[in-house]
Amino acid sequence: MTEPTAGSPAGLDLDRLGGYLAAHRPDLAAGAFRAELIAGGRSNLTYLVHAGGREVVLRRPPLGHVLATAHDMAREFRVISALAPTDVPVPEALLLCSDPDVLGAPFYLMERVPGEVFRSRSRTDRLTGEQRHGLAMAMMDTLAALHTVEPAAVDLADFGRPEGFLARQVRRWSGQLDRSRSRPLPGIDELRDRLAATAPEGANAGRIVHGDFRLDNLLATVEPVTVTAVLDWEMATLGDPLADLGLLLTYWDVLGGSEASDGNPVADGLGPRAGFPSGAELIDRYAGRSDVDVGPLHWHVALGCFKLAVICEGIHYRHTLGQTLGEGFDTIGGLVAPLVAHGLTSVREA
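In this text, residue positions in the sequence shown follow UniProt numbering: the first is 1, and each later residue adds one.
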């Protein structure tokens with residue numbers, strides 16, 4: 001791949017993008033192009049592109065240290081396309097490019113959806129208590145709506161392998177951990193081993209699972225309170241919806257309830273410390289709107305802690321290699337230790 005055109009943001013060559021669109025979506029190729037990186041994403045890169053007289057969003061994998069299966073653009077494109085006619089709010093999928101020669105990696109385009117990402121305290125502190133409560137409940141209603149979609153009804157019956165999903169998750173994230181190690185990580189191997197030895201079968205397996213569902217992976221408005229789009233589907237699959245709940249509680253109560261998250265871009269602005277309802281209230285709301293048997297979630301929270309610790313370590317590793325774009329990456333590595341500690345406590349209680 002040639003060097004990016006002058007004026008192009010890192011990871012996005014506007015001339016090459018324009019040439020590809022001229023051949024495949026000429027309606028988006030008219031006029032001048034400009035683009036900017038949308039701040040906040042800690043994994044895949046997201047850009048706002050002004051093309052063809054409209055604004056669209058482009059998603060592509062990070063610039064380096066791309067873990068196998070962790071940044072699958074075709075998977076994201078397929079699931080948001082499939083969910084378009086359902087009650088789950090998703091952006092319109094516009095174009096998928098699987099050819100890495102165009103931008104150096106596969107990418108896709110989707111419509112820009114109105115709404116705001118409530119990612120940091122600077123954004124959530126201005127919300128009223130009623131708005132915080134409304135956002136949290138709308139988030140859980142949206143997750144319940146996702147988990148009630150019948151995969152076969154939206155042509156996603158082959159989107160994953162529900163049997164053995166939870167044990168396979170442990171193996172998958174163990175492999176990602178081994179590819180991201182760059183420093184000692186006390187306790188993480190014990191957490192992995194305990195999870196592997198105690199993985200449940202998953203009575204709810206076979207639902208569409210987002211894989212990273214949380215408040216700041218949603219676009220929302222507060223007047224009125226509405227979720228306008230669910231974003232970041234790179235880890236979606238068919239599996240046990242309790243994995244989504246366990247990871248959500250990891251963000252909400254573990255990191256959102258810890259001083260370690262203050263000012264950190266992964267969890268700052270989430271959870272009870274930011275004035276939102278407790279994780280227990282979220283689960284009650286979900287249970288009232290879903291046919292999923294929630295049951296005890298200790299093991300699933302432990303899995304969430306392990307998974308998020310591995311993700312944070314991978315981002316930390318990319319940062320040490322100089323392969324991250326934007327701010328806030330220098331502190332993400334500090335979240336790994338508290339995640340491992342809480343994960344060990346949770347798996348012992350399971």
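The C-beta atom is built at its ideal place from N, Cα and C for all residues, glycine as well.
Contact between ASP216 and PHE118 holds: CB atoms are separated by about 6 Å, below the 8 Å threshold. The segment 199-267 contains, as complete beta strand (DSSP E) runs of 3+ residues, the segments 207-209, 218-222, 225-230, 237-239 (chain order).
Annotation: ALA10 is outside any alpha helix (DSSP H) and is labelled neither H nor E by DSSP. Of all C-beta pairs linking the segment 188-203 to the segment 91-104, fewer than three are shorter than 8 Å, placing the two stretches out of contact. Excluding sequence positions up to five before and after THR237, its CB lies within less than 7 Å of the CB of PHE159, GLY160, VAL209, GLY211, all in the same chain and listed in chain order. The three-state secondary structure of VAL56, taken from DSSP, is strand. Apart from sequence neighbours up to five positions away, the residues of its chain that approach LEU249 with a beta-carbon distance below 6 Å are GLY279, VAL301, ordered along the chain. Selection TYR317, CYS312, GLY343, ALA337 evaluated against LEU303 yields GLY343 as nearest (Cα-Cα).
If you draw a straight line from the Cα of LEU255 to the Cα of LEU95, it comes to about 36 Å. Here the alpha carbons of ASP125 and LEU270 stand approximately 10 Å from one another. Fully enclosed beta strand (DSSP E) runs of no fewer than 3 residues are not present anywhere in the segment 116-158. Beta-bridge analysis with DSSP links ALA51 to ARG54.
Judged by DSSP secondary structure, PHE107 falls within the beta strand (DSSP E) whose first and last residues are 107-111. Per the coordinates, the alpha-carbon of LEU14 lies some 22 Å from the alpha-carbon of ASP72. Counting only the Cα atoms, ASP87 lies some 7 Å from ALA145.
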